[in-house]
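Quick notes on the structure that follows.
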Amino acid sequence: MAAVGLLPVVTTFAVFCLRAIEQARLSIAYSGRNAKIVASHPGLDVGPDGGSAQALEDLAAFRAIPGMTVISPADPTETVAATRAILEFKGPVYMRTGRSPARRVFEPGHVFEIGKGEIIRDGEDLTIIACGVEVARACDAADMLQQEGISARVVNMATIKPIDRDLIARCAHETGAIVTAEDHNIYGGLGGAVAEALAQTVPCPVEFVGVKDVFGASGEPEELADHFEISAPFIAEAAKRVLARKRQ
């Protein structure tokens, strides 16, 4: 379809996108086709379907494909805006969309720009950089930290590739410590992308909140978030650890 000028938009569960990664690599990215892959039911958000259906590796896998843009919106409003943006964008895109009803982070009319992160809550002591469902949890963690006198900046980094290196460097320079939060394996996803950017710009202490190199399990999404330590209290604890390292 893309070869004759049409715009194919393919959608299925994120775990099934991993099954078709060879086709995404060769038939879309390698061939330079303008096609979009929209992956639903990612990460622990799949819930009761269990570990076999929970894609915790997809961001890493698709981020490694040359020329592939990778996006993970924070809420329904941003998903609508991001969908419009990728349809206008020329080139291969992999975009995650959630399964469970997501808490609203942005108001209607939110503007989405591919390749740009945004500060949605300012702070001075450290920065929490999150994507997808973890953005709302990062905001909750910032509230918890504020009660303890810790000022946390929250950044929504919906575009994981190409990542907003300038914003990451700015946050590292201004706050001196970073926590990343994602519903994904700690290897190769948002955390890896942020660490790579910091290594080449403004190195600083980093803590990674994500699934710690294990497969998922069956349960309700919020229960799983607690079990696998990606819920707001664990983001707040990571913030305290990175702040302690910053102050050493």
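With the first letter of the sequence shown counted as 1, position 50 gets the number 49 in numbering that gives the first Met the number 0; the numbers rise by one all the way through.
All C-beta atoms in this analysis are idealised placements derived from N, C-alpha and C, irrespective of residue type, glycine included.
For this session: Measure the beta-carbon distance from T126 to T174 and round it to whole angstroms, keeping in mind my assumption that it falls under 8 Å.
Result: 5 Å
For this session: Give the straight-line distance between the Cα atoms of V45 and D225, rounded to the nearest whole angstrom.
Result: 15 Å
Exercise. Does the pairing of the segment 57-64 with the segment 188-197 give three or more beta-carbon distances under 8 Å?
Worked result: yes
For this session: Thinking S39 and R98 are a contact (beta carbons under 8 Å), I'd like their distance in whole angstroms, please.
Result: 6 Å
Exercise. Whole-angstrom Cβ separation of L197 and A171, contact assumed at under 8 Å?
Worked result: 6 Å
For this session: Spell out the partners DSSP gives N33 in its beta bridges.
Result: Its beta-bridge partners do not exist; DSSP assigns none.
Problem set entry | For M94, the residue or residues it bridges with in DSSP | V37 and I70
For this session: Please say whether V69 and P159 have beta carbons closer to each other than 7 Å?
Result: The residue you asked about is not Pro; residue 159 is Ile in the sequence shown. For I159 and V69, yes; Cβs fall inside 7 Å.
Exercise. Based on the DSSP output, what are the partners of F316 in its beta bridges?
Worked result: The structure shown does not extend to residue 316, since the chain spans only 0 to 247, so no value can be given for it.
For this session: Specify, as a first and last residue, the run of the alpha helix (DSSP H) that A171 falls within.
Result: R164 to T174
Problem set entry | Cα-Cα separation between P204 and A238, rounded to whole angstroms | 10 Å
Exercise. Measuring CA to CA, which of V8, P72 and L55 is closest to G215?
Worked result: L55
For this session: Leaving aside the five residues before and after E206 along the sequence, list all residues of the same chain whose C-beta is less than 7 Å from its C-beta, in chain order.
Result: V178, A237, R240 and V241
For this session: Report all residues from its chain with a CB closer than 6 Å to the CB of G148; omit the five preceding and five following residues, and keep chain order.
Result: none
For this session: Determine the direct distance from the alpha carbon of A28 to that of P100, and round the result to whole angstroms.
Result: 31 Å
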